[in-house]
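Each position in the sequence shown, counted from 1, maps to that position plus 2 in the numbering used here. All C-beta atoms in this analysis are idealised placements derived from N, C-alpha and C, irrespective of residue type, glycine included. Owing to the predicted nature of the structure, the values given are computational and were not obtained by experimental measurement.
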Amino acid sequence: MMPRYTVASARPDDLTHLPAIELAAARLLAGVAPDSVLNETTSLDVLQKAQREGHLWVALANDVPVGFAQVEAIERGGVHLEEIDVHPEYGRRGLGTQLVLHVCEWAVRKGYRRVTLTTFRDVSWNMPFYARLGFAVVPPAQLSQALRAVVEDEARRGLDPSRRVVMARPSTRACLPSSNRTGTHFGGAGPDSQ
Ligand SMILES: CC(C)(COP(=O)(O)OP(=O)(O)OC[C@H]1O[C@@H](n2cnc3c(N)ncnc32)[C@H](O)[C@@H]1OP(=O)(O)O)[C@@H](O)C(=O)NCCC(=O)NCCS
């Protein structure tokens, strides 16, 4: 039977599922990012803090986490999508899209001016995926100090800056797609239907 998919704020009990999702999703980037980065997981401390602050959401299949998104308020008026992962067994069912839209809707409600992220320029489910969701490239000359620090940290961790791109989406209601604005419950093909 098709699972019931939802996106919701993470509960404390969801956190133990997240490192395995992050590691499995990272395999999609094998050969693109160095293994040291692919084997990194967000620490439990960071996840717990994000959960407490309401900066962590999960995509659930029948109430079990199969994806998550985490943001950080890195600059005044701006929130950064620090991590987004969907377990490949549940990929391409719209869960990544729903997580991004959920974060953007939340950012509008909270009054953030923009949502930012860094991603790979040349991976089809990275820059083009976010561009379809309303994100635009921020040229290097226009990077804020906080975003420059994010890019520098990535380079120190071994990510080639020439392949990375910073993107931003203005946080206005007009930017959100008219359908599925709340993104709480939605349909989609289940893993057994492919
Ligand atoms: C990026 C990610 C979160 C997307 O999650 P998802 O649930 O698969 O996303 P969606 O189902 O909403 O996919 C939307 C579109 O992205 C593209 N896409 C997603 N996964 C893809 C893949 N493996 N290959 C090619 N295109 C892909 C497709 O265009 C897809 O639409 P389509 O299925 O109608 O063609 C997921 O692929 C992931 O966890 N990737 C590994 C980690 C990562 O890349 N994180 C982002 C770094 S910034």
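Per-residue burial, residue i [other beta carbons within 10 Å of its own, 16 or more giving buried]
{"i": "P5", "result": "buried"}
{"i": "E74", "result": "buried"}
{"i": "M129", "result": "buried"}
{"i": "G136", "result": "buried"}
{"i": "M169", "result": "buried"}
{"i": "A32", "result": "exposed"}
{"i": "S181", "result": "Its pLDDT being 42, under 50, S181 is placed unreliably in this model, and the coordinates cannot settle the point."}
{"i": "G93", "result": "buried"}
{"i": "A63", "result": "buried"}
{"i": "E107", "result": "buried"}
{"i": "R95", "result": "buried"}
{"i": "R158", "result": "exposed"}
{"i": "L46", "result": "exposed"}
{"i": "R171", "result": "buried"}
Own chain residues within Cβ distance below 8 Å of residue i, not counting five before or after
{"i": "L97", "result": "Y7, V9, A61, V68, G69, V88, G190"}
{"i": "P90", "result": "A26, A27, R29, L30"}
Residue i - DSSP class collapsed to helix/strand/coil
{"i": "L83", "result": "strand"}
{"i": "M129", "result": "helix"}
{"i": "E156", "result": "helix"}
{"i": "S11", "result": "strand"}
{"i": "G98", "result": "helix"}
{"i": "G192", "result": "Because G192 sits at a pLDDT of 37, beneath the cut-off of 50, its placement in the model cannot be relied upon, and the following sentence gives the value as read from the coordinates. The answer is coil: DSSP assigns G192 none of H, G, I, E or B."}
{"i": "T43", "result": "coil"}
{"i": "L62", "result": "strand"}
{"i": "V34", "result": "coil"}
{"i": "L161", "result": "coil"}
Beta-carbon proximity list for residue i, same chain, < 6 Å, skipping 5 on both sides
{"i": "T99", "result": "none"}
{"i": "L17", "result": "L49"}
{"i": "D37", "result": "none"}
{"i": "A109", "result": "V81, V117, S173"}
{"i": "L206", "result": "Coverage of the chain is limited to positions 3 through 196, which leaves residue 206 absent and any answer about it impossible."}
Given residue i as reference, the closest of the options once Cα atoms are compared
{"i": "R166", "options": "D65, A27, V152", "result": "V152"}
{"i": "H19", "options": "V66, R158, E77", "result": "V66"}
{"i": "E42", "options": "R54, R94, A28", "result": "A28"}
{"i": "I23", "options": "P14, M3, I86", "result": "I86"}
{"i": "Q225", "options": "N64, G160, T44", "result": "Summary: the structure shown does not reach residue 225, with the chain confined to residues 3 through 196, and so no result is reported for it."}
Same chain, Cβ closer than 7 Å to residue i, five either side skipped, listed in chain order
{"i": "P14", "result": "Q53"}
{"i": "G160", "result": "P36, S38, V39"}
{"i": "R175", "result": "V110"}
{"i": "A12", "result": "Q53, L58, W59, V60, F70"}
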